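In the working numbering, the protein residues as written are 28 to 174. For reference, the structure discussed in these notes is given below.
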């Protein structure tokens with residue numbers, strides 16, 4: 028979880044009565060932490076936002092959305108380069124779960140360049156990632172890549 032993710036959740040929370048942050052099991056992305064640890068880190072990082080719930084899933088996003096009874100899929104768009112993939116994903120989700128709409132939020136400018144993979148690489152090589160991730164994530168990354 029990056030500060031870009033936190034920014035999106037903070038700005039989206041007032042828009043919804045309940046906001047469920049879904050943490051996907053996706054080993055293809057090569058996460059630094061397992062699903063349970065990522066859920067724990069997200070819960071710790073977002074615990075101060077009262078209407079936010081963090082849940083993990085290892086199914087299709089459309090199935091997760093249907094299972095939790097959501098009507099909106101909220102996605103972040105950092106740059107134009109994200110749009111093509113996100114458009115395809117939104118189109119597929121519209122086909123799979125037509126009762127849910129996909130909405131996009133762009134991050135605050137200071138977070139627009141942050142990606143989990145970039146943060147992971149900086150941390151792995153011993154760089155300071157404290158301005159890119161919540162404190163709990165920074166501590167875990169430091170412990171993981173301790174030199």
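Heads up, the beta-carbon is just placed ideally off N, CA and C, and yes, glycines get one too. As the structure is a prediction and not an experimental result, all values here were calculated from the model.
Rounding to the nearest angstrom, what Cα-Cα distance links residue i and residue j in this structure?
{"i": "residue 89", "j": "residue 113", "result": "14 Å"}
{"i": "residue 69", "j": "residue 145", "result": "18 Å"}
{"i": "residue 118", "j": "residue 150", "result": "35 Å"}
{"i": "residue 124", "j": "residue 93", "result": "7 Å"}
{"i": "residue 158", "j": "residue 107", "result": "24 Å"}
{"i": "residue 75", "j": "residue 122", "result": "35 Å"}
{"i": "residue 47", "j": "residue 154", "result": "32 Å"}
{"i": "residue 164", "j": "residue 61", "result": "13 Å"}
{"i": "residue 168", "j": "residue 135", "result": "24 Å"}
{"i": "residue 162", "j": "residue 73", "result": "11 Å"}
{"i": "residue 82", "j": "residue 95", "result": "10 Å"}
Name the DSSP bridge partner or partners of residue i?
{"i": "residue 129", "result": "100"}
{"i": "residue 87", "result": "Residue 87 is not bridged to any residue."}
{"i": "residue 46", "result": "79"}
{"i": "residue 51", "result": "84"}
Below 8 Å on the Cβ atoms is my guess for residue i versus residue j; work out the distance and round it to an integer in Å.
{"i": "residue 104", "j": "residue 131", "result": "5 Å"}
{"i": "residue 141", "j": "residue 30", "result": "7 Å"}
Can you determine whether any heavy atom of the ligand NAD sits closer than 6 Å to the C-beta of residue i, and answer yes or no?
{"i": "residue 29", "result": "The model on display carries no ligand, and the ligand NAD is accordingly not part of it."}
Once DSSP output is grouped into helix, strand and coil, what is the label at residue i?
{"i": "residue 135", "result": "coil"}
{"i": "residue 106", "result": "coil"}
{"i": "residue 28", "result": "coil"}
{"i": "residue 124", "result": "coil"}
{"i": "residue 158", "result": "coil"}
{"i": "residue 152", "result": "coil"}
{"i": "residue 74", "result": "coil"}
{"i": "residue 140", "result": "coil"}
{"i": "residue 58", "result": "coil"}
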